[in-house]
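Let me begin by presenting the structure, written as structure tokens, before commenting on it.
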Amino acid sequence: MKLSRRVEQLPSQFFAALAGKVAAAIAEGRDIINLGQGNPDQPTPPHIIRALQESVENPVTHKYSPFRGTDELKLAAAQFYKREYDVDLDPASEIAILFGSKIGLVELPLALMDHGELMLLPDPGYPDYLSSVPLADVTYDTFPLLEENDFLPDYTALTDEQKKLAKLLYLNYPNNPTGAVATKEFFEDTIALAQKNDIGIIHDFAYGAIGFDDYQPVSFLQTEGAKDVGVELYTLSKTYNMAGWRVGFAAGNKDMIEAINILQDHLFVSLFPAIQKAAAEALSGDQSCVSSLVKLYEQRRNVLLEECKRIGWDVTAPKGSFFAWLPVPAAFTSEEFADYLLKEANVAVAAGNGFGKTGEGYIRVGLLVEDERIREAICRIEKLDLFQNKH
Ligand SMILES: Cc1ncc(COP(=O)(O)O)c(C=O)c1O
Numbered sequence: 007m008k009l010s011r012r013v014e015q016l017p018s019q020f021f022a023a024l025a026g027k028v029a030a031a032i033a034e035g036r037d038i039i040n041l042g043q044g045n046p047d048q049p050t051p052p053h054i055i056r057a058l059q060e061s062v063e064n065p066v067t068h069k070y071s072p073f074r075g076t077d078e079l080k081l082a083a084a085q086f087y088k089r090e091y092d093v094d095l096d097p098a099s100e101i102a103i104l105f106g107s108k109i110g111l112v113e114l115p116l117a118l119m120d121h122g123e124l125m126l127l128p129d130p131g132y133p134d135y136l137s138s139v140p141l142a143d144v145t146y147d148t149f150p151l152l153e154e155n156d157f158l159p160d161y162t163a164l165t166d167e168q169k170k171l172a173k174l175l176y177l178n179y180p181n182n183p184t185g186a187v188a189t190k191e192f193f194e195d196t197i198a199l200a201q202k203n204d205i206g207i208i209h210d211f212a213y214g215a216i217g218f219d220d221y222q223p224v225s226f227l228q229t230e231g232a233k234d235v236g237v238e239l240y241t242l243s244k245t246y247n248m249a250g251w252r253v254g255f256a257a258g259n260k261d262m263i264e265a266i267n268i269l270q271d272h273l274f275v276s277l278f279p280a281i282q283k284a285a286a287e288a289l290s291g292d293q294s295c296v297s298s299l300v301k302l303y304e305q306r307r308n309v310l311l312e313e314c315k316r317i318g319w320d321v322t323a324p325k326g327s328f329f330a331w332l333p334v335p336a337a338f339t340s341e342e343f344a345d346y347l348l349k350e351a352n353v354a355v356a357a358g359n360g361f362g363k364t365g366e367g368y369i370r371v372g373l374l375v376e377d378e379r380i381r382e383a384i385c386r387i388e389k390l391d392l393f394q395n396k397h
């Protein structure tokens, strides 16, 4: 059967191709250290699992959820923002429950944009931002995130045309793939740009909980005026190791939240109520699991940095997220280097160009395996004798 143009034009899934290469190498019986993926390796904390177990015993949770999600979860989300960021949100009108944040990233252009309208996307950036281009029948331009600007966009480089035409602009800090973080001043500049040019801001805060060296990542909503121009997408996938549960929420601008809710009224009947119950417990229960998780990632990051330094690989420390963005030796493109590491060192990494053309010259390494495996990966790379300045 002929597929719709909408579906035919969807970009091929970058991570699926990588997963295929890794699976093929494992099928050959090779011991692959997989630093290429972004799937949290730790289990969901027990108190959240218990909340699901108890909740699923109650037949009330077997019924349809309220269309727009339970009041309990929306209240928990609002209280979470108050507690963590001192941001006031009205649970009924400023929060929309999502099946994970990925769906929200696609729903926003579907709900807010018309044929041919323009969105602005970061390069490098999370590849799934592109999914909404054919689905919502919109166009996009990218703006580069450069190391010399700490991987923050330089808004002065946007053209007048881009500023005039853009309907939405996507940001993501702590950043996948670079590990960079935003500042309050940067968000002030963003809001000024949005107000002046009538651009909606979507801040993808997937790694909001993961900041290193005692740094708590700033929420976009903490900056005055944020709610007038945009929304922030929060997910429980990373903060509470709940990637498979599919639960997150959008928070902020009332009109944008209402647009998501109207679209979702026609697509879903919200999440399984027992998952909403467990998600409320995650957001409002004991948070020591979050600080332990951040410590674990920080420890792994430190191991990676030490090891890279030891073999002479000049690497900048990520300030947040669970990724490191490493420069590729001059003799290789990103893809050649990723293929080379998989073939010669049995180490899988994500080639930087998969995140956009500005990602060329880098690879992304995930901190999602144990310390010992990180050490082992760098020891294997050391044997390839690629770096000069050994310590
Ligand atoms: C930057 C970024 N945004 C959004 C997501 C989607 O997360 P989820 O759909 O699990 O909430 C991811 C997942 O890897 C991500 O890296």
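Read left to right, the sequence shown gives residues 7 to 397 (the numbering used here).
Each residue gets a CB set at the ideal place from its N, CA and C atoms; glycine is no exception.
Exposure of residue i, with buried meaning 16 or more beta-carbon neighbours within 10 Å
i	result
Phe196	Note on residue identity: the sequence assigns Thr, not Phe, to residue 196. When all chains shown are included, Thr196 counts as buried.
Gln15	exposed
Gln48	exposed
Glu34	exposed
Lys325	buried
His209	buried
Val371	buried
Leu182	One point to set straight first is that residue 182 is Asn, not Leu, in the sequence displayed. Counting Cβ neighbours within 10 Å, Asn182 comes out buried, since at least 16 surround it.
Tyr221	exposed
Arg307	buried
Cys295	buried
Thr273	The question names Thr, but residue 273 is Leu in the sequence shown. Leu273 comes out exposed.
Ser18	exposed
Ser340	buried
Asn155	exposed
Tyr70	exposed
Ser297	exposed
Contact set for residue i: own chain, Cβ-Cβ below 8 Å, skip 5 residues either direction
i	result
Tyr303	Ile216, Phe218, Phe328, Leu373
Gly291	His53, Ile54, Ala57
Leu269	Glu113, Leu116, Ala117
Pro46	Ser243, Lys244, Asn247, Ala249, Phe328, Leu374
Ile205	Leu126, Lys169, Ala172, Lys173, Leu174, Leu175, Leu199, Val235
Leu152	Asp160, Thr364
Residue i CB to nearest heavy atom of ligand 1 below 7 Å
i	result
Ile132	In the sequence as displayed, the identity of residue 132 is Tyr instead of Ile. Yes, the beta carbon of Tyr132 sits closer than 7 Å to at least one heavy atom of ligand 1.
Ser243	yes
Ser71	no
Lys108	yes
Asn247	no
Gly42	no
Ala383	no
Gly254	yes
Asn178	yes
Asp210	yes
Asn155	no
Asn308	no
Asn259	no
Asn182	yes
Alpha-carbon to alpha-carbon, residue j and residue i
i	j	result
Glu388	Gly362	28 Å
Lys108	Thr241	9 Å
Lys190	Ser225	8 Å
Ile405	Arg252	For residue 405 there is no data in the structure shown, the boundaries of the chain being 7 and 397.
Ser10	Gly367	36 Å
Gln85	Ala30	46 Å
Pro72	Val13	30 Å
Gln282	Gly75	8 Å
Thr229	Lys244	23 Å
Asp160	Pro150	8 Å
Lys80	Leu299	24 Å
Tyr146	Pro128	10 Å
Leu124	Tyr91	31 Å
Phe192	Arg89	23 Å
Val93	Arg386	46 Å
Arg36	Gln201	54 Å
Glu194	Leu158	13 Å
Leu239	Leu177	10 Å
Gly214	Glu63	32 Å
Thr50	Glu78	20 Å
Glu382	Leu164	43 Å
Contact set for residue i: own chain, Cβ-Cβ below 6 Å, skip 5 residues either direction
i	result
Met119	Ala142, Val144, Lys173
Leu392	Pro335
Ala288	Ile54, Leu242, Tyr246
Gly231	Ile197
Trp319	Phe393
Tyr179	Val187, Ala188
Beta-carbon contacts of residue i that lie in its chain and below 7 Å, excluding the five residues immediately before and after
i	result
Lys169	Asn203
Ala20	Residue identity differs from the one stated: residue 20 is Phe in this sequence, not Ala. So the qualifying residues of the chain are Pro133, Gly360.
Cβ-heavy atom distance, residue i to ligand 3, below 7 Å
i	result
Pro159	Absence of ligand 3 is noted for the structure shown, with ligand 1 being the only ligands found.
Residue i at chain B interface by Cβ criterion, 8 Å
i	result
Ala57	The structure shown contains no chain B; it holds only a single protein chain.
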